[in-house]
Amino acid sequence: MQYRKFGSRDFKVSALGFGMMRLPVIDGDSAKIDEEKTAEMVRFAVESGVNYIDTAYNYHREQSEIVVGKILKDGLRDKVYLATKCPTWLVTAREDFDKYLDTQLEKLQTDHIDMYLLHALNKKRWPVLKEAGVFDFLTAAKKDGRIRNAGFSFHDDLEVFKPIVDSYEWDFCQIQLNFMDERFQAGVDGLRYAHAKGMAVVIMEPLRGGRLVKKVPDEVMGIYEAAEVKRTPADWALRWVWNHPEVSVILSGMGAMREVKENVATAETAFPNSLTDKELQMFEEVKDAYRRRTKVSCTQCEYCMPCPQGIHIPDIFDAYNNASIYGALEDFSRSYERMKEHLGDPAACADCGNCEQACPQGLPIRRHLREVVSLVAPKV
Numbered sequence: 031m032q033y034r035k036f037g038s039r040d041f042k043v044s045a046l047g048f049g050m051m052r053l054p055v056i057d058g059d060s061a062k063i064d065e066e067k068t069a070e071m072v073r074f075a076v077e078s079g080v081n082y083i084d085t086a087y088n089y090h091r092e093q094s095e096i097v098v099g100k101i102l103k104d105g106l107r108d109k110v111y112l113a114t115k116c117p118t119w120l121v122t123a124r125e126d127f128d129k130y131l132d133t134q135l136e137k138l139q140t141d142h143i144d145m146y147l148l149h150a151l152n153k154k155r156w157p158v159l160k161e162a163g164v165f166d167f168l169t170a171a172k173k174d175g176r177i178r179n180a181g182f183s184f185h186d187d188l189e190v191f192k193p194i195v196d197s198y199e200w201d202f203c204q205i206q207l208n209f210m211d212e213r214f215q216a217g218v219d220g221l222r223y224a225h226a227k228g229m230a231v232v233i234m235e236p237l238r239g240g241r242l243v244k245k246v247p248d249e250v251m252g253i254y255e256a257a258e259v260k261r262t263p264a265d266w267a268l269r270w271v272w273n274h275p276e277v278s279v280i281l282s283g284m285g286a287m288r289e290v291k292e293n294v295a296t297a298e299t300a301f302p303n304s305l306t307d308k309e310l311q312m313f314e315e316v317k318d319a320y321r322r323r324t325k326v327s328c329t330q331c332e333y334c335m336p337c338p339q340g341i342h343i344p345d346i347f348d349a350y351n352n353a354s355i356y357g358a359l360e361d362f363s364r365s366y367e368r369m370k371e372h373l374g375d376p377a378a379c380a381d382c383g384n385c386e387q388a389c390p391q392g393l394p395i396r397r398h399l400r401e402v403v404s405l406v407a408p409k410v
C-alpha cells in the first residue's frame, strides 16, 4: 500500500481510504447493511494496508456508524484512522455539537474520533455554525481528546471555500475531485490552496459517484483501449486524482470485494506525478468525448433568471446535461418529483420568452425545457 503524509501532520495515511457510504445491503434497503460482507471487505482492506475509514452520521440512514463500530471493535480500531462527520444541518446551538459527537462516539464504540469533519459546508450552513460556536466546540473537543484532527467536507464554490479555510487552524478538508470536475466546487485550485496552508486534503467522488465507470460510452472506451497500458476506467480515474501530489487520501465507496481488490491494487502504483504526458493528453480526449454528449450549451451565467414561473433553468439544464453525459437519462426521469420540489417544474413554462431574450448564448431555452418535459412526462 502507498502511504502519504497527512498534510503538515507527523503521520501518514493510506492513499486509499474506505468510504462507508455505499456498502452492500439486504433487500435493496439502504438501512439494512450486509454486515457479514462489509466486515469481510473491511478486514481485507485493512490487511492490505488501508488505514483510513470514513463514515458519517447520516450514511445508510444512520446505520453506517453502528456497523463500523461493530467491525472495528473486533481488533481493528487501533489499526486505522477513523473519520466521521458532524450532522451540521441539525445544529442550531452550541450544545448540539457535543450532543451529536457524544452520540457518534457511542455508536462507533470508541473514546475518540481521529478525523472529525463538519459535514457538507456551504455558504448557507457556515454562518449558522459560526453563530452556534463551532470554533469553541472544535477547540474544546480537541483539548479533551474526543477528536484528534478537525476538518470539514465541502460542497460550494471556490470563493466560499477559501474564507472557510482561512477561518480556523484546520487539520484537513474533504473536497470533490475527479478528472471531469477540475473546476467544480473547490476543484484543483482549492486543493492547492488548502495544501499550501498545511492542510491534508481528502478526496471524495473520484469516480463521480460511479458515473465515470458505469455505462462508459463506446467512444470513451475506445480512447482507453488505444492507450499503451491497458487499464479499467476506474483504474484510470483514480490514477488521475492520485497523480496530484497535494492529495493525501482518496475515499472510495466500495460496495463489493472486487472493487476493494481493484482499488487496493491501483493504490499500490498510482504515485504522484506518475502519469506521462501522453496519458494526461488521453484524459483531455476523454473529457472532450464526454462533453460532446452535452445537450444544452448553458454556461450557468443565470442571465435567464429569475423565471416568472419559478423554474431554475440553469440547474435543470445542468442536471439534464449530466444525465446525458454519463448515460443516466433514466435516473434523470425518475427524479422528476424531486426536481420539481427543488428546481421548479419545467412543464410550468408559460412560453413568455423572457429567458431567451436575456440569454447571451442565444439558446432556444423553451425548446430545451420541452425536451426535458418529454423525457419525464411518461413517468408522471
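Going left to right, the sequence shown walks through residues 31 to 410 as our numbering numbers them.
Ideal placement from N, C-alpha and C gives every residue a C-beta, glycine not left out.
Everything numeric in this text was worked out from a predicted model, so none of it was measured.
Asked                                                                                                     : Found
Rounded C-alpha distance that separates Val31 from Asp132                                                 : With the sequence shown as reference, residue 31 is identified as Met, and Val is not the correct amino acid for it. Spanning the two alpha carbons is a distance of roughly 33 Å.
Three-state class that DSSP yields for Ser94 in the structure shown                                       : helix
N-terminal and C-terminal residue of the beta strand (DSSP E) that Phe412 is part of                      : This structure cannot settle anything about residue 412, because the visible part of the chain is limited to 31 through 410.
For Leu159 and Thr118, the rounded distance between their alpha carbons                                   : 7 Å
Glu416 burial status per 10 Å Cβ neighbour count (16 or more: buried)                                     : Nothing about residue 416 can be reported from this structure: the residues present for the chain run from 31 to 410 only.
Coarse secondary structure for Asn446, derived from DSSP in three states                                  : Past the edges of the chain, shown from 31 to 410, lies residue 446, and the structure says nothing about it.
C-alpha distance - His142 paired with Arg368, whole-angstrom precision                                    : 38 Å
Reference Gly181, options Val294, Arg39, Ala75, closest by Cα                                             : Arg39
Buried versus exposed call for Pro376 [16 or more other C-beta atoms within 10 Å across all chains shown] : buried
Beta carbon of Ala216 nearer than 7 Å to that of Phe191                                                   : yes
Status (buried if at least 16 other CB within 10 Å, exposed otherwise) for Pro390                         : exposed
Leu268 in three-state terms, based on DSSP                                                                : helix
Coil, strand or helix - Thr324 by DSSP                                                                    : coil
Residue from Val250, Ser365, Tyr356 whose Cα sits closest to the Cα of Thr324                             : Tyr356
Every unbroken alpha helix (DSSP H) inside the stretch 56–103 [4 residues or more]                        : 65–77, 89–92, 94–103
Burial state of Glu136, where buried means 16 or more other Cβ atoms lie within 10 Å                      : exposed
Enclosing beta strand (DSSP E) for Cys116 [first to last residue]                                         : 111–116
Where the beta strand (DSSP E) through Val279 begins and ends                                             : 279–282
Burial state of Gly392 (16 or more Cβ within 10 Å)                                                        : exposed
Residue-chain proximity (Val43, chain C), Cβ-Cβ < 7 Å                                                     : Absent from the structure is chain C; it holds one protein chain and no more.
Spatially closest choice to Asp174 from Asp128, Lys154, Ser197, by CA coordinates                         : Asp128
Lys409 (DSSP reduced to helix, strand or coil)                                                            : No answer about Lys409 holds up, because its pLDDT of 49 lies below 50 and its placement is not dependable.
contact_flag[the stretch 80–96, the stretch 39–49] where n(CB pairs < 8 Å) is 3 or more                   : yes
Classification of Pro394 by the beta-carbon crowding that lies within 10 angstroms, buried from 16 upward : exposed
Coarse secondary structure for His398, derived from DSSP in three states                                  : helix
For Arg155, the first and last residue of its enclosing alpha helix (DSSP H)                              : 155–161
Closest by C-alpha distance to Leu147, when choosing among Thr122, Thr114, Gln387                         : Thr114
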